[in-house]
Each structure stands twice: as structure tokens, then as C-alpha cells.
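Protein chains in written order, with full-length UniProt numbering: chain A, 1 to 136; chain B, 1 to 136.
The next block holds one structure in the form of C-alpha cells; read it before the comments.
Protein chains: 2
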Amino acid sequence: MGAMQDSTDTEMAAAAGPCASIPAEHMAFIRQVLDRVGDKWSMLIIAVLENGPLRYTDLQRRIPGISQRMLTHTLRQLVEDGLITRTAYAEVPPRVEYALAPLGRGLHEIAMRLIGWAADHHGEILAHRSRAAERD
Amino acid sequence: MGAMQDSTDTEMAAAAGPCASIPAEHMAFIRQVLDRVGDKWSMLIIAVLENGPLRYTDLQRRIPGISQRMLTHTLRQLVEDGLITRTAYAEVPPRVEYALAPLGRGLHEIAMRLIGWAADHHGEILAHRSRAAERD
DNA sequence: CGGAATCCATTCGGATACTG
DNA sequence: CAGTATCCGAATGGATTCCG
Chain A
1 MGAMQDSTDT
11 EMAAAAGPCA
21 SIPAEHMAFI
31 RQVLDRVGDK
41 WSMLIIAVLE
51 NGPLRYTDLQ
61 RRIPGISQRM
71 LTHTLRQLVE
81 DGLITRTAYA
91 EVPPRVEYAL
101 APLGRGLHEI
111 AMRLIGWAAD
121 HHGEILAHRS
131 RAAERD
Chain B
1 MGAMQDSTDT
11 EMAAAAGPCA
21 SIPAEHMAFI
31 RQVLDRVGDK
41 WSMLIIAVLE
51 NGPLRYTDLQ
61 RRIPGISQRM
71 LTHTLRQLVE
81 DGLITRTAYA
91 EVPPRVEYAL
101 APLGRGLHEI
111 AMRLIGWAAD
121 HHGEILAHRS
131 RAAERD
């Protein structure tokens, strides 16, 4: 994967391995997916659902700081995209459970890696950030 | 991973393995990292830097749709957090190169997985989305 | 219990113009 | 070339109140 000439750039990108630079044709939907998944809460919701279905209030409890507005909103997006499922039981009091859909399971794995990485390296990141801040 | 009783729920979460539900203590900095990395462009920039250093205009070319404002802004955040490095060469015309820092390499791997997942499943996601839309 | 609706501040992010 | 500066609309996201 050495020097890269600018000739036949698109062909090279298509023929290269899985880790080559991103084909320009893919950029569009990568952006679409990232816009959905790369918001403040989606990854967290996906991550928290790993142990099975959770009710609305359980999700609220497990994700401190999220507002009802954002929880509801993000859940709807995720359901629309087929990443999670919503099951409402006709009882009183009403019960609604959210669970990972098959499509969401793949993303869940990535979410856990991201979270694991965040947990492992947040110290270094904060160190860098504060050093950069004091140099001003 | 079998049946789960509702007794001693919190204790179970604390004692469970590495993939168990997220420890509440970790939520804070997970959120901090996700807020930085989970924006519109960071992951894309990280991903695009895999083949070595890139100049400002190269980045702009490889990430269609990004504005100078956002490119500059996001690059600064990433440098501040120590995920990428910025090297300015005192030449005319000036040359500035951005590259993955060691800390950013770990994230790069995750970014590529996320992008790969997006490429693989964007069709299913769009299908779900349109079906949900037409059901209204 | 599980939301929907409204209001409002903050931030995101693009367009344009200008600079060293 | 590699940014900075300003303006402005759009989106994000929290607080609060209300509803089935």
C-alpha cells in the first residue's frame, strides 16, 4: 500500500483492500448513516440494550442525563431505521419494550468497541485537551 | 446469557463481565468522548487519514461537502484531543500536514468498522426507513 | 407508564469575503 | 495554500406542561 499515483484513482479505490481510502461513491450513504448514528445518544441506546429488552423508564435510568424529548426522538429514529424494535403491550399500566433488532446487533458490536475505547483512553484525551488549553 | 431474574438487578450489573451493561460511573466520560467523536465529520476525517498524512486541501477534496469552517474546526478539536497531529512546514507556499496520532489509531480502527458497517447495511436501513415512512 | 407538545437557548454548520 | 472572520438559518437538545 505504498505510493499512490493520481491516475485511475477511482479504479484503484475500487480494487484496493478493505482498509483502502474510502471510495467517493460510498461517501454519500456513509454520511447518511453517520448522521443518524453519530448523534449524541444513538450509540448509547444501542449499547445499553445488549442484555435484552428494556422499558422506556429503564432506558431513562440507564442513560443519565437524557431528556424524555431526546429519548423518545432517538428511539423513534432507531425504530424507523430498523435498528431496534418497539413492542407495546396492551396492559394497564401500559408497558413498552425496546430491543435490538437483528440489524442493530452489528452496530451494537461497534458501539461497544467505541465505548470501550472511550473508557480506555479518556484519560489521555483529557490530558491532551488540558495541556492544549493551558498553552492557549 | 440465559434467563434473567429481576432480583438484585444492580448487583448483577456490577458483577457481570466486560460486555455487561455499562457501569454508571463510566457514563460521564463516555458521553464526553462521544460528543467529540460523534459529530458530523470527526469519524470521516479519522477514517480518511489512514494512508498517511494529508494536507488541508487534500482533506477537503477527500471529504466532499465539508466546508472550510467545519474542516478547520473539527481538525482543531481532534488536534486538541491528541487524536491527530498537525505539522506546519515553514515554506512558501505554506504546507500543513495532518496525520493520525498514536491515540487516533485505535479510533481509526473503529471508524473503519463503522464505515464498513454503514456501507454494508445502508440498503437495509433505507428500506426500513421508507417502509416506515409509507406506513405513516 | 409512556409518551406528545410547546417553548426556548445553544450549537451546528454553510456561504461568503478576506488574510498572511 | 491554509486558514480567519462574520453572518445567518437550521438543527440540536433541555425544561416544562399536558395527555391517554
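Built from N, CA and C at the ideal position, the CB exists for glycine as well.
8 angstroms Cβ cut-off: residues of chain B touching residue i
| i | result |
| --- | --- |
| M43/A | L34 and G38 |
| V96/A | The contacting residues do not exist; V96/A stays about 17 angstroms from chain B at best. |
| E124/A | G82 and L103 |
| A119/A | H26, F29 and I30 |
Whether residue i touches residue j by CB criterion (8 angstroms)
| i | j | result |
| --- | --- | --- |
| P64/B | M27/A | yes |
| E124/A | L78/B | no |
| R76/A | E80/B | no |
| R113/B | R105/A | no |
| I22/B | A111/A | no |
| Y98/A | L49/A | yes |
| I115/B | I115/A | no |
| R86/B | R55/B | no |
| T72/A | W41/A | no |
| G38/A | D120/B | no |
| residue 169/B | Q32/A | Summary: the structure shown does not reach residue 169/B, with chain B confined to residues 1 through 136, and so no result is reported for it. |
Environment of residue i [buried if 16+ CB atoms lie within 10 Å]
| i | result |
| --- | --- |
| Y89/B | exposed |
| G52/B | exposed |
| V92/A | exposed |
| H108/A | buried |
| A101/B | buried |
| R62/A | buried |
| A118/A | buried |
| G82/A | buried |
Proximal residues of chain A, C-beta to C-beta of residue i below 8 angstroms
| i | result |
| --- | --- |
| E80/B | H128, R129, A132 and A133 |
Residue i, DSSP secondary structure in three states
| i | result |
| --- | --- |
| V92/B | coil |
| L83/A | coil |
| A101/B | coil |
| A14/B | In this prediction, A14/B has a pLDDT of 38, which is less than 50 and means its spatial position is unreliable; what the coordinates show is noted afterwards. Looking at A14/B - three-state DSSP - the assignment turns out to be helix. |
Under 7 angstroms from the C-beta of residue i: neighbouring residues of chain B
| i | result |
| --- | --- |
| L100/A | Chain B residues near L100/A: none, gap ~13 angstroms exceeds 7 angstroms. |
Within chain A, partners of residue i - CB distance below 7 angstroms
| i | result |
| --- | --- |
| I46/B | Correct list: empty, because the minimum Cβ distance to chain A is about 11 angstroms. |
Amino acids of chain B, ordered along the chain, whose beta-carbon sits closer than 9 angstroms to that of residue i
| i | result |
| --- | --- |
| R86/A | The contacting residues do not exist; R86/A stays about 11 angstroms from chain B at best. |
Requested in this report: Anything in the region 56 to 82 of chain A with a Cβ closer than 8 angstroms to a Cβ of chain B? List those residues in chain order, please.
Outcome: R62, I63, P64, G65, V79, E80, D81 and G82
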